[in-house]
Structure formats: structure tokens, C-alpha cells
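Trainee:
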Amino acid sequence: MSTGALAELRGDWEALVAEARRTSTFAVELAALSADELPDLLHFLAAAPALPFHFISLHAPSKGRRLREKQLIAMLMEVGRSVDAIVVHPDAMDEPARYAALGSALVLENMDSRKRDGRTVAELEPYFAALPQAGFCFDVAHAASVDEELGEGERLLDGFGARLRHVHVSSLDEDCHHVPLSADDEERFAPLLRRCRDVPWILEAPLRET
Amino acid sequence: MQSPAGALERLAAHSAEGFPNLLAARALTAARLAEMRARVASVSLPADASIVLFGSWGRGELTAHSDDDWLLLVDGPLRAEHDPIVATLRDLLGAEDRKPGTQDVFGAAASAHVLARRIGLDEDTNRSLTRRMLLLLESVPVAGDDAYERCWVHVLDSYLEDATKDFRPPRFLLNDLVRYWRTICVDFVGKQREDEEKWGLRNAKLRTGRKVLFAAGLLPILLCDRHQQAAMRDFLVEQLRAPATDRLAAAFAAYDLRDGGGRALDAYDRWIGMLGDDATRSELAAVRRETADASDAYARVRRSGRELEAGLLALLFETPLVVFVREYGVF
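Sequence lines, in order, name chains A and B.
Sequential numbering of the first sequence, starting at 648, is according to my numbering.
Sequential numbering of the second sequence, starting at 3, is according to my numbering.
#1: Decide yes or no for the touch test of the segment 841-853 of chain A against the segment 674-684 of chain A: beta carbon pairs closer than 8 Å, at least 3 of them.
#2: Please list, in chain order, the chain A residues whose beta carbon lies closer than 8 Å to that of residue 18 of chain B.
#3: Which term fits residue 123 of chain B, buried or exposed, when burial requires 16 or more other beta carbons within 10 angstroms of its beta carbon?
#4: What does DSSP give as the partner residue(s) for residue 784 of chain A in the beta ladder?
#5: Taking contact to mean 3 or more Cβ pairs, one atom from each stretch, closer than 8 Å, check whether the segment 243-253 of chain B and the segment 202-220 of chain B are in contact.
#6: Applying the 10 Å Cβ sphere with the 16-neighbour rule, what's the burial state of residue 153 of chain B?
#7: Between the segment 301-326 of chain B and chain A, which residues of the former have a C-beta closer than 7 Å to a C-beta of the latter?
#8: If residue 156 of chain B sits next to residue 118 of chain B, beta carbons under 8 Å apart, how far is it from one beta carbon to the other, in whole angstroms?
#9: Report yes or no: do three or more beta-carbon pairs, one from the segment 285-303 of chain B and one from the segment 258-277 of chain B, lie closer than 8 Å?
#10: Which residue marks the beginning of the alpha helix (DSSP H) containing residue 689 of chain A, and which one marks its end?
#11: Quick one: Cα of residue 188 of chain B to Cα of residue 731 of chain A, how far?
#12: Where do the N-terminal and C-terminal ends of the alpha helix (DSSP H) with residue 115 of chain B fall, by residue?
#13: I want to verify the contact list: residues of chain A whose CB lies under 8 Å from the CB of residue 259 of chain B, in sequence order.
#14: How would you call residue 192 of chain B, buried or exposed, if buried means at least 16 neighbouring beta carbons within 10 angstroms?
#15: If contact means a Cβ-Cβ distance below 8 Å, which residues of the segment 787-816 of chain A contact chain B?
#16: In three-state terms, what does DSSP make of residue 776 of chain A?
#17: Which value, in whole angstroms, describes the spacing of the CA atoms of residue 740 of chain A and residue 261 of chain B?
#18: Return the chain-ordered list of same chain residues with a C-beta closer than 7 Å to the C-beta of residue 264 of chain B, the five sequence neighbours on each side being excluded.
#19: Along the chain, where does the alpha helix (DSSP H) containing residue 287 of chain B start, and where does it finish?
#20: Can you tell me the Cα-Cα spacing of residue 224 of chain B and residue 325 of chain B, whole angstroms?
#21: Return no unless some Cβ of chain A is closer than 7 Å to the Cβ of residue 271 of chain B.
#22: Residues of chain A with CB closer than 8 Å to the CB of residue 184 of chain B, please, in chain order.
#23: Buried or exposed for residue 718 of chain A, going by 16 or more other Cβ atoms inside 10 Å?
#24: Spell out whether any CB of chain A is found under 7 Å from the CB atom of residue 268 of chain B.
#25: Under 7 Å, CB to CB, which of the residues in the segment 725-746 of chain A have a partner in chain B?
#26: Using a 10 Å radius around the Cβ and a threshold of 16 neighbouring Cβ atoms, would you call residue 44 of chain B buried or exposed?
#27: For residue 751 of chain A, go through chain B and note every residue whose CB falls closer than 9 Å to its CB, in chain order.
#28: If you reduce the DSSP assignment to three classes, tell me which class residue 207 of chain B lands in.
#29: In chain A, which residues lie less than 8 Å from residue 265 of chain B when you measure between Cβ atoms?
#30: Do residue 790 of chain A and residue 796 of chain A have their beta-carbon atoms positioned less than 7 Å apart in this structure?
#31: My output table needs one value for residue 297 of chain B: the three-state DSSP class, helix, strand or coil.
#32: Between the segment 651-667 of chain A and the segment 680-696 of chain A, can you find at least three pairs of beta-carbon atoms closer than 8 Å?
#33: Using the beta-carbon of each residue, which ones in chain A are nearer than 7 Å to residue 295 of chain B?
#34: Check whether the segment 761-770 of chain A and the segment 808-820 of chain A are in contact - that is, three or more C-beta pairs closer than 8 Å.
#35: Hey, would you say residue 804 of chain A sits closer than 7 Å to residue 842 of chain A, going by beta carbons?
#36: Between the alpha carbons of residue 259 of chain B and residue 312 of chain B, how many angstroms are there, rounded?
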């Protein structure tokens with residue numbers, strides 16, 4: 648579960664972790680989507696006892712960044728070895744090469760159709776060229792928003808599958824907000840997700856009620 | 003299921019860079035095996051004896067620092083005639099820092115008949131369990147090939163004589179393999195309590211090479227579930243004679259998990275690269291439990307180990323193999 652899906656608990660990291668734990672103790676994404684959430688998250692990670700999850704990802708801020716990029720990277724480096732992945736949106740990077748300091752913990756996510764960059768293989772290639780140690784977070788719904796036929800999703804996995812660290816799973820509404828995975832999308836995404844059975848899947852929205 | 007021979011190369015299209023370290027290690031192994039055969043050619047062997055190398059030699063994963071883990075393997079009882087051969091081999095093999103480990107598992111003579119007859123109970127020591135399992139899973143002869151062949155088959159047959167059911171994995175072999183893997187894990191902690199000196203390298207090998215050894219042994223045994231009893235022996239011979247990474251690559255392909263297989267064996271490829279890198283190896287050799295979190299090399303090993311394990315777990319639990327794992331993997 649991504650804590651970004653638990654808007655009503657935002658800011659209360661203990662409650663967010665407890666709620667994520669109710670979904671699974673296998674994997675969690677601690678999402679500081681807004682820059683002002685990051686200091687509290689870092690403080691929580693530094694002070695918290697060991698977390699129960701086998702895979703911990705930290706989603707770096709993708710909006711509202713007031714910090715200078717160097718400061719942000721320095722803050723992210725503080726958590727370096729205590730998480731398995733640090734997800735960064737390519738379109739939120741000013742100078743991608745700076746993020747090399749995060750080493751193999753850095754993970755780049757493919758973007759949705761609203762964004763102007765980082766959506767396709769061609770757009771992501773320069774980022775990975777600048778960051779050879781970076782992993783790939785495949786957001787299946789983002790890929791589907793770029794190409795409903797899912798050809799771009801296949802190409803993303805062909806191109807960056809060797810770097811794949813984890814997957815974001817959800818559907819998107821018409822404004823590209825993450826919503827629970829619909830039955831139709833579950834079936835539609837299955838061929839792509841079948842290629843990702845060995846890596847953690849992070850739910851970007853709660854599971855739909857059945 | 004397609005023969006495992008060549009499966010690693012076939013999976014390379016799904017890897018980051020085509021498994022450069024694994025393939026280089028295979029090439030190095032082939033070259034060094036030819037040298038080794040030439041080196042021991044002057045040793046006069048009786049017809050019942052063979053000179054056998056184990057570990058990375060058998061896996062085709064030799065690096066510059068691999069030990070020469072060898073046995074004089076005998077197809078029958080040990081005799082006084084074998085003693086001077088062992089003495090000669092101790093001079094010939096394991097030069098410089100390549101001597102066999104200090105557990106007395108290797109660097110000696112062993113009777114395949116004893117290994118085959120004493121499976122289980124008190125007389126089946128850690129040493130004999132290790133020799134027997136590694137003979138089946140990762141060994142290669144450099145002299146006395148006919149005797150080796152007879153020994154290898156004799157040990158395999160000793161497990162299969164009780165496997166009388168069609169479409170059921172040979173449980174005796176399965177249980178001994180699982181026992182061996184768990185023994186490795188338990189002994190890791192036992193050694194850690196005795197001596198932390200090699201903790202970093204031992205831990206790294208447990209996370210990587212030992213898992214490959216176990217999984218590549220487990221898969222063919224589980225896949226016997228597809229065969230009638232009469233065909234199991236030939237199936238196991240074909241599987242176990244292939245390098246472990248070929249067995250794994252073949253299983254990833256057979257269960258349509260090529261992407262995950264590519265990632266898992268990429269991770270293992272990185273580990274083989276680390277083993278061959280002097281600086282990384284030195285850093286790992288110096289790592290202790292209390293300093294592990296500060297080591298960059300150890301962090302890379304841990305990541306590779308996790309990715310390797312994730313791929314293997316997906317193969318065992320996210321494919322139709324889960325039926326066999328559920329049926330035979332626990333009880």
C-alpha cells in the first residue's frame with residue numbers, strides 16, 4: 648500500500664504505517680508527495696522502531712518543492728540504507744545527474760499523460776543514461792494513460808524491465824488521479840503485470856470493494 | 003521441458019547486459035579445467051578412482067579467488083593404494099590461497115559407496131552429507147571420468163531406489179536436499195558463534211550462491227512430478243548434469259517468467275562480478291555483523307541477494323509450480 652492513498656491520515660506517519668500494515672506487511676511506499684511532508688517523514692524514520700515491512704519505498708516529493716534540489720537530495724541521502732527504494736518523478740528533476748548520489752536506491756517512475764516528460768521509453772532514456780544505477784518503478788496506470796492499447800507499457804518493460812524494482816497498481820480517473828483498480832483494468836493490465844510477478848506491487852489506491 | 007543446456011544464453015535477451023560475469027566465469031572455468039586436466043594427467047589412477055572438483059568449478063562460476071575443492075572419489079572401498087595419490091594431489095592442487103576449506107570436507111579420498119550407503123542416521127555426518135550433495139549438484143571430474151560417472155550414478159540411484167511411484171517427486175532425495183540446505187543455514191550461525199572472521203563473505207555466499215545451489219537442486223526434483231517413475235532417472239541426470247544457472251534459466255523460461263528470470267540472474271551475475279573484484283572481495287572479507295550496515299559492498303550484496311530471492315520465490319510461488327511447492331515443500 649502507498650500511504651499516499653490514505654489522504655485522511657496525511658501527516659500522521661504512525662497511523663499511516665498502521666493502516667498500510669493492515670493491507671500487507673510485505674511492502675509499503677511512504678509517500679511524501681508534497682515537499683512539506685518530507686521532514687516529518689524523515690524524522691519518523693529516524694525515530695521509529697524497525698518497521699514490519701519486507702520492502703520499504705520512499706516516494707520523494709513531486710510537487711510543492713521549495714527546497715533547492717541539492718538540499719532535497721541531501722535529505723533523501725539521510726534515509727539511504729534504511730529504505731529499499733527512493734522513487735523520484737523524472738519531471739520533478741532539475742538536473743538528473745545530481746540524483747546519482749542516491750546510488751542504486753534511486754528509482755525513476757514513468758509519468759502519466761498529463762505530464763510533459765518521463766512518459767515513454769524515448770523520454771525516460773536520457774534520465775537512465777544519466778543515472779545508470781537507477782531502478783525503474785513501473786506505474787501501469789500511467790502507462791495505460793499514455794497508450795490505451797498498452798503498447799507503451801510493453802515497450803517500457805522491454806526497455807527498462809532489467810531495472811524494474813517495483814510496480815504501482817491502480818486505475819486512473821479522468822484527471823489522472825489514482826483510484827481503486829477496476830475489474831476492467833485488472834483484466835486489461837494482466838499481461839503487463841504478469842511480467843512483474845517477482846517484484847513488489849504497491850497499491851496506489853485502496854482495493855475496490857467486492 | 004526443454005533441455006537446460008544453453009538456457010542461460012537463451013535468457014540473456016531478458017537481462018540487463020547478457021550476464022557478462024556469469025558467461026566470463028564459464029569461459030574461465032572451461033579454460034582452467036583444461037589446465038587442471040593437464041596438471042593431473044601425470045597422476046596414475048587405479049580404475050576405481052577419479053579426481054573431482056566441486057563448488058564454483060562444478061557450477062562453471064570460477065573466479066580468480068575460487069578454492070580448489072577436490073576429492074579423490076573412489077568407486078568402492080578406500081584402500082591403502084589411494085593414500086599416496088591423495089598426498090600427490092595435496093601438492094598439485096590448491097596452490098597459494100586456493101587450498102580447500104578448513105572443514106576437512108575436501109582435499110581427501112572418499113568412497114562413493116559409503117556416501118551412497120550411509121544416508122541418514124548418526125554415521126551420515128555433515129561432511130558426508132556435504133560431499134554427497136555437492137557431488138550430485140555441482141561437481142566435475144578432471145581425471146578418471148568413467149569412475150566418476152559410476153560414482154555419480156550410484157549415489158543418484160541410492161536415492162531413487164525407494165522412489166517407486168509415478169508422478170511423485172523422489173521424497174528421499176527431496177528431504178535430503180532440504181536437510182542439506184537447512185544444515186548450511188544452521189551451520190552459518192554455528193560458525194558465526196565460533197568465529198566472526200569470515201562473516202561477510204559467508205553471509206554473502208548464503209544470500210547468493212547457496213540459494214542458487216538449493217533452488218537449482220529443488221526444481222528438478224519437484225518437476226519429477228511430471229514424469230513416470232521409469233523416466234525420472236534420465237530426467238534428473240539431464241537436469242543435474244547442467245550448470246545450476248542453466249537449470250534455473252530453463253525453469254524461468256518453461257514457466258513464462260523470463261522477465262523475472264532475467265532480473266534474478268542479473269542479480270546473481272552482479273554477485274559473480276563482485277566475487278571477482280579484489281576491492282569488493284576484500285571489503286566483504288572484512289565485514290562483521292556489527293559493521294555490515296556501513297559497508298557499501300555488503301549493501302550491494304544484500305540488494306543482489308534480495309533480487310535473486312524474489313525471482314526464485316516468484317518462480318516457486320507465482321507459477322503453476324506452486325502446486326508442487328505446496329504439496330511437497332512443507333511436509
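No residue lacks a Cβ here, since even glycine has one placed at the ideal position from N, Cα and C.
Since this is a predicted model, take the numbers as computed values, not measurements.
Mentor: In brief:
#1: Yes: the two stretches touch, three or more of their Cβ pairs being nearer than 8 Å.
#2: Reading the second sequence from its first residue, position 16 is the one you call residue 18 of chain B. Simply 809 and 810.
#3: Your numbering for residue 123 of chain B matches position 121 in the second sequence. Flag for residue 123 of chain B reads exposed.
#4: For the purposes of this step, residue 784 of chain A is taken as residue 137 along the first sequence, with counting starting at 1. Paired residue(s): A:756 and A:813.
#5: Cβ pair count under 8 Å is three or more, so yes.
#6: What you label residue 153 of chain B is simply residue 151 of the second sequence in a count that begins at 1. Around the C-beta of residue 153 of chain B, 16 or more other C-beta atoms lie within 10 Å, and the residue is accordingly described as buried.
#7: Closer than 7 Å at the C-beta level to chain A, one finds these residues of the segment 301-326 of chain B: 301, 305, 312, 313, 316 and 320.
#8: Numbered from its first residue, the second sequence carries residue 156 of chain B at position 154. Numbered from its first residue, the second sequence carries residue 118 of chain B at position 116. Taking 8 Å as the upper bound for CB-CB distance, residue 156 of chain B and residue 118 of chain B are in contact here, some 5 Å apart.
#9: Look at the beta carbons and you see the segment 285-303 of chain B touching the segment 258-277 of chain B: at least three pairs across the two are nearer than 8 Å.
#10: Here residue 689 of chain A is taken as the residue at index 42 of the first sequence, counted from 1. First-last of the alpha helix (DSSP H) with residue 689 of chain A: 685-694.
#11: Stepping through the second sequence from its first residue, residue 188 of chain B is reached at position 186. Stepping through the first sequence from its first residue, residue 731 of chain A is reached at position 84. For residue 188 of chain B and residue 731 of chain A, the gap between their C-alpha atoms comes out near 27 Å.
#12: Taking the second sequence and counting its residues from 1, one reaches residue 115 of chain B at position 113. Counting along the chain, residue 115 of chain B sits inside the alpha helix (DSSP H) bounded by residues 114-119.
#13: Walking along the second sequence from the start, residue 259 of chain B turns up at place 257. Per Cβ cutoff of 8 Å: 844 and 845.
#14: Taking the first residue of the second sequence as position 1, residue 192 of chain B is located at position 190. Of the other Cβ atoms in all chains shown, fewer than 16 fall within 10 Å of the Cβ of residue 192 of chain B; this residue is therefore exposed.
#15: For chain B, the residues of the segment 787-816 of chain A that bring a beta carbon within less than 8 Å of one of its beta carbons are 804, 808, 809, 810 and 811, in chain order.
#16: Locating residue 776 of chain A in the first sequence gives position 129, where the first residue counts as 1. The answer is helix: DSSP assigns residue 776 of chain A an H, G or I state.
#17: For the purposes of this step, residue 740 of chain A is taken as the residue at position 93 of the first sequence. For the purposes of this step, residue 261 of chain B is taken as the residue at position 259 of the second sequence. Across the structure, residue 740 of chain A and residue 261 of chain B are spaced so that their CA atoms are roughly 29 Å apart.
#18: Position 262 of the second sequence, counted from the first residue, corresponds to residue 264 of chain B. The answer, listed in chain order, is 13, 16 and 17.
#19: Translated into the one-based positions of the second sequence, residue 287 of chain B becomes position 285. That run of the alpha helix (DSSP H) goes 280-288.
#20: Position 222 of the second sequence, counting from 1, holds the residue named residue 224 of chain B. Position 323 of the second sequence, counting from 1, holds the residue named residue 325 of chain B. Here the C-alpha atom of residue 224 of chain B lies approximately 10 Å from the C-alpha atom of residue 325 of chain B.
#21: What you label residue 271 of chain B is simply residue 269 of the second sequence in a count that begins at 1. With respect to chain A, the C-beta atom of residue 271 of chain B has no partner C-beta closer than 7 Å.
#22: Along the second sequence, read from residue 1 onward, the residue named residue 184 of chain B stands at position 182. Within 8 Å Cβ-Cβ: nothing; residue 184 of chain B doesn't reach chain A, min ~21 Å.
#23: If you number the first sequence from 1, residue 718 of chain A lands on position 71. Exposed is the label assigned to residue 718 of chain A, since fewer than 16 other Cβ atoms lie within 10 Å of its Cβ.
#24: Within the second sequence, residue 268 of chain B is the residue found at index 266, counting from 1. Residue 268 of chain B counts as touching chain A.
#25: Cβ contacts with chain B come from 728.
#26: Taking the first residue of the second sequence as position 1, residue 44 of chain B is located at position 42. Exposed: under 16 other Cβ atoms inside 10 Å.
#27: Here residue 751 of chain A corresponds to residue number 104 of the first sequence, with the count starting at 1. Those within 9 Å of residue 751 of chain A in chain B are 301, 302 and 305.
#28: The count along the second sequence starts at 1 and reaches residue 207 of chain B at position 205. Note: residue 207 of chain B maps to helix in three-state DSSP.
#29: Sequence index remark: in the second sequence, residue 265 of chain B carries index 263 (1-based). Under the 8 Å cutoff, chain A gives 808, 809, 811, 845 and 846.
#30: Mapped onto the first sequence, residue 796 of chain A falls at position 149. Mapped onto the first sequence, residue 790 of chain A falls at position 143. It is not a contact, given that the beta carbons lie outside the stated cut-off.
#31: In the second sequence, counting from the first residue as 1, residue 297 of chain B sits at position 295. Note: residue 297 of chain B maps to coil in three-state DSSP.
#32: Yes, since at least three Cβ pairs between the segment 680-696 of chain A and the segment 651-667 of chain A fall closer than 8 Å, the two stretches touch.
#33: The residue labelled residue 295 of chain B in the question sits at position 293 within the second sequence. Neighbours of residue 295 of chain B on chain A, chain order: 728.
#34: With a cut-off of 8 Å, the segment 808-820 of chain A and the segment 761-770 of chain A do not count as touching, because too few Cβ pairs lie within range.
#35: Sequence index remark: in the first sequence, residue 804 of chain A carries index 157 (1-based). Sequence index remark: in the first sequence, residue 842 of chain A carries index 195 (1-based). Yes, they are a contact pair.
#36: Counting from 1 along the second sequence, the entry for residue 259 of chain B is found at position 257. Counting from 1 along the second sequence, the entry for residue 312 of chain B is found at position 310. Rounded to whole angstroms, residue 259 of chain B to residue 312 of chain B spans 12 Å at the Cα level.
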